[in-house]
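*Asks:*
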Ligand code: SF4
Ligand code: SF4
Ligand code: FES
Ligand code: FES
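Chains as they are written, first to last, in our numbering: chain A, 1 to 523; chain B, 1001 to 1154.
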């Protein structure tokens, strides 16, 4: 393991480590454009040049491996001068109109120029204009060739990560331009990632561009609920924008780095699946056609439970719920009331690939299985309800109309005393349910999901639940209170601590230990 | 699709390289020799033949001025505009060609007979001002030499 010195600090790193990686370990960030830790090294932008003692020329930190006894300087006058020159060169043909560029605020060209810029232009010649200004290159992404600094990150992404090879650099010298192959589109299941890795405003997201300035955004660490992979994400939401019918709080979702799950990437269907957070929500409890108070709603559920027997209660929990929600459901309906409880409804498997996308479109199937186990069976519960063998059917989020057809659901509404739908968004089943209870969406929840690798991961609330909606665990606890069997949890973390004590696989876990990378469920 | 003849020729070229992909440039040359240009169809064919994504074939074709994406005229003047040639009157030669042919650099006359390209140093500064005329180098140019070439090929 070579020993070296970077900016006066000593460090020992494994052989083969590059200077940029070694510096990172010391918390020194060397500027970079073309370098990206998940892509092959290209070494074309030269912004990362550093001084290595006893070497006549500056070296690029992203490509130069460390050697024993190396002494590296990342901020010497020679290095700073070089950065300035590289920036001047990059800006030769780049427009100087950050105020109208969507990338402003998260642009590396802007950032580094602020630090190392030349400020007074020495350019007399006219800029070479690229052929095309902002234009569509596929269903999700726009390309502005003048802003491209030809770092080829996007080229390497479509070559090595998606292996779809849409991008290339055509022509030569200062006429070089980035584009997709003539007549082709950037159309793959991970296309949105190129926007994240583009260090400048050349590639922008159609869904996001000019919707919000990035400095108005707050970021909340969460997990994508789109499939059982549980990719780590940041929810970017507008602090200054309260929810109204037309205005959404969530502006975009971004991948959050987790080397054990999704690395730096997310799929497009996960990325653009956020509109439901602010649209089509159930906002208050509703009994038949009437909006009611939470108290009255809970009273109805409690009454029905009290006036019936355990075998006449059916519960369809859901793998969309958090471990905490599911545990409280288990506590009340399974452990205390001994009702029929299942979460596995007959869903058609969705699309999948051998990268991130999984056929199971639920984020918490593994968690639901470990907490609820399998004993009752959803199909049987539905059949029972249809045949009048249940007084209470309590459904969490599932659209029974889509799963079992209108006829069946209409029958259930007729044959049960109380048909409860608890969910965040309106679907066809709501119209048949006697009682609709508004629950919060994942972006409003604290809790954990267990992904297909059995990894328990944290989600965190970005903002308050919309309208009168509440967390699922909270609603179920409310019912328990009405029944005189209170579950006195203070919050999801409290529930989780009880899971840790009760469910074997979770032994030894805590929210602190799960942290940002997650923890694997024990067998 | 390559003709059997061309394919046999390409196999021979590609066979000389340890990795097939390395044969990209000579393969493109062989195709241009036969067809006078590299068409989008040829790019697709080469992509399949060498196992290189088509976008990267296009990168090479667009990078080198030696490859033509449109058909060039029977007489192709590639006139050097770099320092030595420029100092010795290269610019006048270029201007003269433009006026005589009525086309700009990169264009071909409507009758398909003449094409003009303005290029960087061809490494033959000792012949300045010079140009590449189809495959040959012609040096010590003057307007008279240009006129002769044009008139002969009209
Ligand atoms: S579009 Fe962006 S990522 Fe692609 S080469 Fe240009 S600057 Fe780099
Ligand atoms: S692969 Fe699954 S978890 Fe990952 S972003 Fe896509 S839908 Fe979400
Ligand atoms: S980051 Fe090292 S050359 Fe671009
Ligand atoms: S400058 Fe014209 S051949 Fe070198």
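Note that CB positions come from ideal geometry on N, CA and C, so glycine has one too.
In terms of alpha-carbon separation, which member of A:516, A:270, A:90 lies closest to residue 356 (chain A)?
*Replies:* Residue 356 (chain A) sits at position 356 when you count from the first residue of the first chain. Closest option to residue 356 (chain A), Cα to Cα, is A:270.
*Asks:* Taking the C-alpha atoms as reference points, what is the distance between residue 69 (chain A) and residue 263 (chain A)?
*Replies:* Position 69 of the first chain, counted from the start, is the residue given in the question as residue 69 (chain A). Position 263 of the first chain, counted from the start, is the residue given in the question as residue 263 (chain A). Those two C-alpha atoms are separated by around 33 Å.
*Asks:* Nearest chain B C-beta to residue 170 (chain A) closer than 9 Å, yes or no?
*Replies:* Stepping through the first chain from its first residue, residue 170 (chain A) is reached at position 170. Chain B, which has a Cβ nearer than 9 Å to the Cβ of residue 170 (chain A), makes this yes.
*Asks:* Alpha carbon to alpha carbon, how far is residue 160 (chain A) from residue 7 (chain A)?
*Replies:* Taking the first residue of the first chain as position 1, residue 160 (chain A) is located at position 160. Taking the first residue of the first chain as position 1, residue 7 (chain A) is located at position 7. Looking at the two C-alpha atoms, the distance is approximately 34 Å.
*Asks:* What residues come near ligand 4, if near means a beta carbon less than 5 Å from any of its heavy atoms?
*Replies:* Result (chain order): B:1080, B:1082, B:1084, B:1085, B:1121, B:1122, B:1124, B:1125.
*Asks:* Run down chain B in chain order and give the residues with a C-beta less than 9 Å from the C-beta of residue 131 (chain A).
*Replies:* Here residue 131 (chain A) is taken as the residue at index 131 of the first chain, counted from 1. In chain order: nothing, as chain B lies at least about 12 Å away.
*Asks:* At the 9 Å Cβ level, is residue 1155 (chain B) part of the contact set with chain A, yes or no?
*Replies:* As displayed, chain B neither begins before 1001 nor continues past 1154, which places residue 1155 (chain B) out of reach and without an answer.
*Asks:* Ligand 3 and residue 22 (chain A): does the residue's C-beta get closer than 8 Å to at least one heavy atom of that ligand?
*Replies:* Counting from 1 along the first chain, the entry for residue 22 (chain A) is found at position 22. No - ligand 3 has no heavy atom lying nearer than 8 Å to the Cβ of residue 22 (chain A).
*Asks:* For residue 585 (chain A), which residues in the same chain have their Cβ closer than 7 Å to its Cβ, ignoring the five residues on either side in sequence?
*Replies:* Residue numbering for chain A in the displayed model covers 1 to 523; residue 585 (chain A) lies beyond these limits and cannot be assessed.
*Asks:* Taking Cβ-Cβ distances shorter than 9 Å, what residues in chain A pair up with residue 1096 (chain B)?
*Replies:* Counting from 1 along the second chain, the entry for residue 1096 (chain B) is found at position 96. Correct list: empty, because the minimum Cβ distance to chain A is about 26 Å.
*Asks:* Measure the CB-CB distance between residue 109 (chain A) and residue 91 (chain A) and report whether it falls below 9 Å.
*Replies:* By 1-based counting over the first chain, the position of residue 109 (chain A) is 109. By 1-based counting over the first chain, the position of residue 91 (chain A) is 91. Yes. Within cutoff.
*Asks:* Check the Cβ of residue 1107 (chain B) against every Cβ in chain A and list those closer than 9 Å, keeping chain order.
*Replies:* Position 107 of the second chain holds residue 1107 (chain B). Against chain A, a Cβ distance below 9 Å from residue 1107 (chain B) picks out nothing, because the smallest value is about 17 Å.
*Asks:* Identify, in the order they occur along the chain, each residue of the same chain with its Cβ nearer than 7 Å to the Cβ of residue 212 (chain A), setting aside the five sequence neighbours on each side.
*Replies:* Along the first chain, read from residue 1 onward, the residue named residue 212 (chain A) stands at position 212. Same-chain partners within the cutoff: 238, 251.
*Asks:* Could you work out which residue in A:423, A:519, A:176 is closest to residue 466 (chain A) when comparing CA atoms only?
*Replies:* Numbered from its first residue, the first chain carries residue 466 (chain A) at position 466. If we check each option's Cα against that of residue 466 (chain A), A:423 comes out closest.
*Asks:* Residue ranges of each beta strand (DSSP E) run of no fewer than 3 residues wholly in the region 47-124 of chain A, ordered along the chain?
*Replies:* 49-52, 71-73
*Asks:* Any heavy atom of ligand 1 inside 8 Å of the beta-carbon of residue 152 (chain A)?
*Replies:* Mapped onto the first chain, residue 152 (chain A) falls at position 152. For ligand 1, at least one heavy atom lies less than 8 Å from the Cβ of residue 152 (chain A).
*Asks:* My understanding is that residue 200 (chain A) touches residue 107 (chain A), with C-beta atoms under 8 Å, so please give their C-beta distance in whole angstroms.
*Replies:* Taking the first residue of the first chain as position 1, residue 200 (chain A) is located at position 200. Taking the first residue of the first chain as position 1, residue 107 (chain A) is located at position 107. Going by Cβ atoms, the distance from residue 200 (chain A) to residue 107 (chain A) rounds to 5 Å, so yes, they are a contact pair.
*Asks:* Please state the DSSP three-state secondary structure of residue 1096 (chain B).
*Replies:* Position 96 of the second chain, counted from the start, is the residue given in the question as residue 1096 (chain B). Residue 1096 (chain B) sits in a helix when the DSSP states are folded into three classes.
*Asks:* Comparing the CB of residue 301 (chain A) with every heavy atom of ligand 1, is any distance shorter than 8 Å?
*Replies:* As a working note, residue 301 (chain A) is residue 301 in the first chain. Flag unset: Cβ of residue 301 (chain A) not near ligand 1.
*Asks:* Roughly how many angstroms separate the alpha carbons of residue 142 (chain A) and residue 203 (chain A), rounded to a whole number?
*Replies:* Counting from 1 along the first chain, the entry for residue 142 (chain A) is found at position 142. Counting from 1 along the first chain, the entry for residue 203 (chain A) is found at position 203. So the alpha carbons of these two residues sit roughly 6 Å apart.
*Asks:* Would you tell me roughly how many angstroms separate the C-alpha atoms of residue 288 (chain A) and residue 433 (chain A), rounded to the nearest one?
*Replies:* In the first chain, counting from the first residue as 1, residue 288 (chain A) sits at position 288. In the first chain, counting from the first residue as 1, residue 433 (chain A) sits at position 433. It is roughly 8 Å from the alpha-carbon of residue 288 (chain A) to the alpha-carbon of residue 433 (chain A).
*Asks:* Using a Cβ-Cβ distance under 9 Å, would residue 190 (chain A) count as near chain B?
*Replies:* Walking along the first chain from the start, residue 190 (chain A) turns up at place 190. Under the 9 Å criterion on CB atoms, residue 190 (chain A) is classed as non-interfacial with respect to chain B.
*Asks:* Got a sec? Which residues, its chain only, sit under 8 Å from residue 1109 (chain B) by beta carbon, not counting five neighbours each side?
*Replies:* Taking the first residue of the second chain as position 1, residue 1109 (chain B) is located at position 109. Closer than 8 Å at Cβ, skipping near neighbours: 1073, 1101, 1102, 1103, 1115.
*Asks:* Below 8 Å, is the gap between the Cβ of residue 1064 (chain B) and the nearest heavy atom of ligand 3?
*Replies:* Along the second chain, one-based indexing puts residue 1064 (chain B) at 64. No, the beta carbon of residue 1064 (chain B) sits no closer than 8 Å to any heavy atom of ligand 3.
*Asks:* With 9 Å as the threshold, decide whether the Cβ of residue 1027 (chain B) is near any Cβ in chain D.
*Replies:* Note that chain D does not occur in the displayed structure, where the protein chains are A and B.
*Asks:* Less than 8 Å between the CB atoms is what I'm expecting for residue 408 (chain A) and residue 392 (chain A), so what's the real figure, rounded?
*Replies:* Locating residue 408 (chain A) in the first chain gives position 408, where the first residue counts as 1. Locating residue 392 (chain A) in the first chain gives position 392, where the first residue counts as 1. No, residue 408 (chain A) and residue 392 (chain A) are not in contact; Cβ-Cβ is about 17 Å, not under 8 Å.
*Asks:* Which whole-angstrom value is the C-beta distance of residue 574 (chain A) and residue 437 (chain A), which I expect to be below 8 Å?
*Replies:* Because chain A is modelled from 1 through 523, residue 574 (chain A) falls outside the range shown and cannot be assessed.
*Asks:* Tell whether a beta-carbon distance below 9 Å holds between residue 128 (chain A) and residue 174 (chain A).
*Replies:* As a first step, residue 128 (chain A) must be located in the first chain, where it is residue number 128. As a first step, residue 174 (chain A) must be located in the first chain, where it is residue number 174. Yes.
*Asks:* In the DSSP assignment, what are the bridge partners of residue 352 (chain A)?
*Replies:* Stepping through the first chain from its first residue, residue 352 (chain A) is reached at position 352. Answer is none; residue 352 (chain A) lacks a bridge partner.
*Asks:* Anyone know if the C-beta pair for residue 1069 (chain B) and residue 1037 (chain B) falls short of 9 Å?
*Replies:* By 1-based counting over the second chain, the position of residue 1069 (chain B) is 69. By 1-based counting over the second chain, the position of residue 1037 (chain B) is 37. Cβ distance < 9 Å, so residue 1069 (chain B) and residue 1037 (chain B) count as in contact.
*Asks:* Indicate whether at least one CB of chain B lies closer than 9 Å to the CB of residue 43 (chain A).
*Replies:* Reading the first chain from its first residue, position 43 is the one you call residue 43 (chain A). False, the Cβ-Cβ gap to chain B never drops below 9 Å.
*Asks:* Against chain B, with Cβ distances strictly below 9 Å, would residue 285 (chain A) count as a contact?
*Replies:* Your numbering for residue 285 (chain A) matches position 285 in the first chain. Chain B, which has no Cβ nearer than 9 Å to the Cβ of residue 285 (chain A), makes this no.
*Asks:* Pick helix, strand or coil for residue 1012 (chain B), following the three-state DSSP scheme.
*Replies:* For the purposes of this step, residue 1012 (chain B) is identified with residue 12 of the second chain, where counting begins at 1. In the three-state reduction of the DSSP assignment, residue 1012 (chain B) falls in the helix class.
*Asks:* Taking a contact to mean a Cβ-Cβ separation below 9 Å, would you say residue 227 (chain A) touches residue 363 (chain A) in this structure?
*Replies:* The residue you call residue 227 (chain A) lines up with position 227 of the first chain. The residue you call residue 363 (chain A) lines up with position 363 of the first chain. In contact: residue 227 (chain A) and residue 363 (chain A) (Cβ atoms closer than 9 Å).
*Asks:* Name the chain A residues whose beta carbon is nearer than 8 Å to that of residue 1054 (chain B)?
*Replies:* For this step, residue 1054 (chain B) is matched to residue 54 along the second chain. In chain order: 165, 181.
*Asks:* Does any C-beta atom of chain B lie closer than 9 Å to the C-beta of residue 159 (chain A)?
*Replies:* To locate residue 159 (chain A), count along the first chain from 1; it is residue 159. Interface residue, yes.
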